[in-house]
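Numbering (this note's numbering), first residue to last: 833 to 1307. Ideal Cβ placement from N, Cα and C applies to all residues, glycine included. Note that the structure is predicted; figures quoted are calculated from it, not measured. Okay, so here's the structure we're looking at.
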Amino acid sequence: MTTLSSSGIGSGLDVNGIVTQLMTLENQPLVLLQQKQTSYNSQISAIGQIQSVLAGFQTAAKGLTSATATPAFQTTSSDTSILSASASSFAVAGNYTIGVTQLAQSQKIVAGGVASTTAAIGTGATTTLTIDFGTISGGTYGSGTYSGASFTANAAKTPISVTIDSSNNTLAGIRDAINAENAGVIATIVNDGSGTPYRLVLTSTDSGAVNSLRIEVAGDAALQSLLAYNSAGTQNLSQLQVAQDAHFSVDGIDITKPGNTVTDVVQGVTLNLFKLNTPASIQLSVSQDKSSLTTAINALVAAYNNFNTLITAATAKKAILQGDSTTLTIQRQLRTALGDSITTTSDYKSLPSLHITLQKDGTLAVDSAKLQAVLASNYTDAVALVAAFGASLTTLSDNILATGTGQLANKTAGINAAIKDNSNQQDAFSQRLATIEATYRAQFSALDAMMIGMNQTSSFLQQQFYKTTTSSSGG
């Protein structure tokens, strides 16, 4: 007997062909389910893309809030090689004339030379270096030393105490011990090329006249002769650079500061002094910085247009989300929010009042020249309006994108549920198709077998008839 997959060799019946054609018809509902599943997956992808561009819009909306949270100011210097400046939100708009007559600098002193950086200096007896900071005044100065001067300690700074003993009584060891304190003095070694070339250089890390150095040495005599320094007394080191304040003027007012970075002269403005200029000629302007607000507005316009382009294409005729109520509702919500008036203390109540308008094709456009004119004439009210829209649009996008409760989350959950149901239907239908195919094959294989039997009977009867006819003719 033939098998279930027989092609009807004995009967001429094409079992496989017949079953295949029948199963093609039976399979049509499954094909429709598979096509529907593909559509669902495409919808999930499209919703994901919309979610992504809407997140970009959300970020841009928050950017409006950030750009208006605190006042922004900018500074302009007529010569940044002499003076630069930066402004904080506490600045006040204004113009200033500034002259720099002296730059602040740190004191720098140098010890006498030694032959080696690693050879011991002195006996190794425990010795204490006490480094004070203060102001040198009076007397005369020449060839690196003071005569008749006095030293007044800076009460605001704590003296440095450095211990030198047999473990570190080399020039390199002294350098490292001072630097290890990290307390206002930097020690370095220079090579002057002489017979005793290695010299210790000490530099105050802070500039200003109040940060001159005084070094007291208690202990080893050799270390005393190398390192003791007091402008009012023994000076075994020579001064390479005097500690001095910055002297400058602002609108004719003379000012003295210990550093070249000044934060407490012009309100909310940091001044950076680089070079001298006499007479006072640097023009410094402090003004409201409108660039950050303009940048934030342009970012919102671009983000909305990205969203609008994507959602318009996704809901177009024959597109994957054609007629989808969720996406069309979201598009309508954003358009309405951008075009409506909003409650604010500002004289401006809508984005069109800032020349930010919706176009006929649904895109958002900004007339930059007219926007800048508004910002120049009434910056405060413009900021208030942008801040209000930033808060409103942020709330709207937050709600749309909310995990678990937002419109897109609900839409995605609904599609995923449909995908799961579709998969279950496909599984059940596939099992049913397997049963149907088995039934068809059994039926047509039985028919094939029956037809083979009938053919065999017919052949036998024909043979018998032939024999009978032949026998009768011969008789």
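Next item on the list: Quick one: grab the DSSP three-state call for Leu864.
Entry: By 1-based counting over the sequence shown, the position of residue 864 is 32. Three-state result, Leu864: helix.
Note to self: Looking at Leu790: is its Cβ nearer than 7 Å to the Cβ of Thr1147?
What the structure shows: Residue 790 lies beyond the residue range present for the chain, which begins at 833 and ends at 1307; the question has no answer from this structure.
Next item on the list: Output the boundary residues of the alpha helix (DSSP H) element that contains Gln1191.
Entry: Indexing the sequence shown from 1 puts residue 1191 at position 359. Per DSSP, Gln1191 belongs to no alpha helix (DSSP H) and is neither H nor E.
Item checked: Closest Cα partner of Thr1127 within the set Ile1247, Ser898, Asp1156 -> The count along the sequence shown starts at 1 and reaches residue 1127 at position 295. The residue with the shortest Cα to Cα distance from Thr1127 is Ser898.
Notebook entry, point to check: What does a CB cutoff of less than 7 Å around Ile1018 pick up in its chain, not counting 5 residues either side in sequence?
Noted result: Locating residue 1018 in the sequence shown gives position 186, counting from the first residue. Once the five neighbours on either side are set aside, the close Cβ partners of Ile1018 are Asn1011, Thr1035, Thr1037.
Item checked: Start-end ranges of the alpha helix (DSSP H) lying completely within the stretch 1141–1204, minimum 4 residues -> 1157–1171
Checklist line | Three-state secondary structure assigned by DSSP to Ser1039 | finding: What you label residue 1039 is simply residue 207 of the sequence shown in a count that begins at 1. Of the three classes helix, strand and coil, the one that applies to Ser1039 here is coil, per DSSP.
Item checked: Distance between Ser1113 and Gly895 (C-alpha atoms, nearest Å) -> Stepping through the sequence shown from its first residue, residue 895 is reached at position 63. Stepping through the sequence shown from its first residue, residue 1113 is reached at position 281. When rounded, the distance between both Cα atoms is 39 Å.
Item checked: Contact set for Phe1080: own chain, Cβ-Cβ below 7 Å, skip 5 residues either direction -> By one-based count along the sequence shown, residue 1080 stands at place 248. Within its own chain, the residues whose Cβ lies closer than 7 Å to the Cβ of Phe1080, once the five positions on either side in sequence are excluded, are Ile930, Gly931, Val932, Thr933, Ile1087, Leu1105, listed in chain order.
Note to self: Please tell me whether Phe1139 and Leu865 are closer than 7 Å, where the distance is taken between their beta carbons.
What the structure shows: On the sequence shown, residue 1139 is found 307 positions in, with the first residue counted as 1. On the sequence shown, residue 865 is found 33 positions in, with the first residue counted as 1. In this structure, Leu865 does not lie closer than 7 Å to Phe1139 by Cβ.
Margin query: Would Ala1197 and Leu1207 qualify as a contact pair, given that the criterion is a beta-carbon distance under 7 Å?
Written below: As a first step, residue 1197 must be located in the sequence shown, where it is residue number 365. As a first step, residue 1207 must be located in the sequence shown, where it is residue number 375. No, Cβ-Cβ distance for Ala1197 and Leu1207 is not below 7 Å.
Notebook entry, point to check: What does a CB cutoff of less than 6 Å around Ser837 pick up in its chain, not counting 5 residues either side in sequence?
Noted result: The residue labelled residue 837 in the question sits at position 5 within the sequence shown. For Ser837, the pLDDT reaches just 46, beneath the cut-off of 50, and the residue's location in the model is therefore unreliable, leaving the point undetermined.
Next item on the list: Quick one: which unbroken alpha helix (DSSP H) runs of 4-plus residues sit fully inside the stretch 837–921? Chain order, please.
Entry: 847–858, 860–901
Checklist line | Span separating the alpha-carbon of Gly971 from that of Gln1067 | finding: Your numbering for residue 971 matches position 139 in the sequence shown. Your numbering for residue 1067 matches position 235 in the sequence shown. Answer to the nearest angstrom: the Cα atoms are 14 Å apart.
Check: Counting Cβ pairs, one atom from each stretch, are 3 or more of them under 8 Å apart for the stretch 941–955 and the stretch 1089–1096?
Finding: no
Item checked: Reference Pro991; option with closest CA among Arg1046, Pro1029, Gln937 -> Taking the first residue of the sequence shown as 1, we reach residue 991 at position 159. Distance check between Pro991 and each of Arg1046, Pro1029, Gln937 places Arg1046 closest, using alpha-carbon atoms only.
Checklist line | Through-space distance from Ala1078 to Leu1116, alpha-carbon basis | finding: Mapped onto the sequence shown, residue 1116 falls at position 284. Mapped onto the sequence shown, residue 1078 falls at position 246. Spanning the two alpha carbons is a distance of roughly 18 Å.
Checklist line | Rounded straight-line distance, which links the Cα of Asp1156 to that of Thr1226 | finding: As a first step, residue 1226 is located in the sequence shown; it is residue number 394 there, counting from the start. As a first step, residue 1156 is located in the sequence shown; it is residue number 324 there, counting from the start. For Thr1226 and Asp1156, the distance between alpha carbons rounds to 24 Å.
Notebook entry, point to check: Taking Cβ to Cβ, would you say Asn1014 is nearer than 7 Å to Gly956?
Noted result: On the sequence shown, position 182 is the one that residue 1014 refers to. On the sequence shown, position 124 is the one that residue 956 refers to. For Asn1014 and Gly956, no; Cβs fall outside 7 Å.
Note to self: Measuring straight from C-alpha to C-alpha, what distance separates Thr1244 and Ile1152?
What the structure shows: On the sequence shown, position 412 is the one that residue 1244 refers to. On the sequence shown, position 320 is the one that residue 1152 refers to. Rounded to whole angstroms, Thr1244 to Ile1152 spans 14 Å at the Cα level.
Margin query: For Thr995 and Ala987, what's the separation of their Cα atoms in angstroms?
Written below: As a first step, residue 995 must be located in the sequence shown, where it is residue number 163. As a first step, residue 987 must be located in the sequence shown, where it is residue number 155. Across the structure, Thr995 and Ala987 are spaced so that their CA atoms are roughly 22 Å apart.
Notebook entry, point to check: Given 8 Å as the limit, is there contact between the stretch 857–872 and the stretch 1252–1261, that is, 3 or more CB pairs closer than that?
Noted result: yes
Item checked: For Gly926, three-class secondary structure by DSSP -> Here the question's residue 926 lines up with position 94 in the sequence shown. In the structure shown, Gly926 sits in a strand (DSSP, three-state: E or B).
Checklist line | Contacts around Gly954, its chain only, beta-carbon distance under 6 Å, and the 5 residues preceding and following it disregarded | finding: In the sequence shown, counting from the first residue as 1, residue 954 sits at position 122. Same-chain partners within the cutoff: Asn1001, Asp1052, Ala1054, Leu1055.
Item checked: Cutoff 6 Å; reference Asp1230; Cβ partners in own chain excluding five residues on either side -> Residue numbering aside, residue 1230 sits at position 398 when the sequence shown is read from its first letter. Nothing meets the Cβ criterion.
Notebook entry, point to check: Can you list, in chain order, the residues of its chain whose CB lies under 7 Å from that of Gly980, leaving out five sequence neighbours each side?
Noted result: Looking up residue 980 in the sequence shown gives position 148. Result list for Gly980: Gly970, Gly971, Thr972, in chain order.
Notebook entry, point to check: Quick one: Cα of Val1033 to Cα of Lys940, how far?
Noted result: Walking along the sequence shown from the start, residue 1033 turns up at place 201. Walking along the sequence shown from the start, residue 940 turns up at place 108. Cα-Cα distance, rounded: 7 Å.
Check: At which residue ranges does the stretch 1101–1146 contain complete beta strand (DSSP E) runs of 3 or more residues, listed in the order of the chain?
Finding: 1101–1105, 1109–1120
Item checked: Reduced DSSP category for Ser1291 - H, G, I as helix; E, B as strand; rest coil -> Residue mapping note: residue 1291 aligns to position 459 of the sequence shown, counting from 1. Here Ser1291 sits in helix by DSSP.
Margin query: For Ser1277 and Phe1292, what's the separation of their Cα atoms in angstroms?
Written below: Counting from one through the sequence shown, the residue named residue 1277 turns up at place 445. Counting from one through the sequence shown, the residue named residue 1292 turns up at place 460. So the alpha carbons of these two residues sit roughly 23 Å apart.
Notebook entry, point to check: Among all the DSSP beta bridges, which residues are the ones paired with Ile1085?
Noted result: Position 253 of the sequence shown holds residue 1085. In the DSSP assignment, Ile1085 forms a beta bridge with Val1082.
Check: In chain order, what residues of the same chain lie with their CB nearer than 7 Å to the CB of Gln883, ignoring the 5 residues before and after it?
Finding: Looking up residue 883 in the sequence shown gives position 51. Cβ within range, chain order: Leu1233, Leu1240.
Note to self: Would Val1321 and Ala917 be called neighbours here (beta carbons separated by less than 7 Å)?
What the structure shows: No information on residue 1321 is available, as it lies outside the stretch 833 to 1307 that the chain covers here.
Next item on the list: Tell whether a beta-carbon distance below 7 Å holds between Pro903 and Ser877.
Entry: One-based indexing of the sequence shown puts residue 903 at position 71. One-based indexing of the sequence shown puts residue 877 at position 45. Contact: no.
Next item on the list: Give me whichever residues DSSP pairs with Leu1032 in a beta bridge.
Entry: Residue 1032 sits at position 200 when you count from the first residue of the sequence shown. The partner list for Leu1032 (beta bridge, DSSP) reads Ile1021.
Next item on the list: Please say whether Ala1216 and Thr1177 have beta carbons closer to each other than 7 Å?
Entry: Sequence index remark: in the sequence shown, residue 1177 carries index 345 (1-based). Sequence index remark: in the sequence shown, residue 1216 carries index 384 (1-based). It is a contact, given that the beta carbons lie within the stated cut-off.
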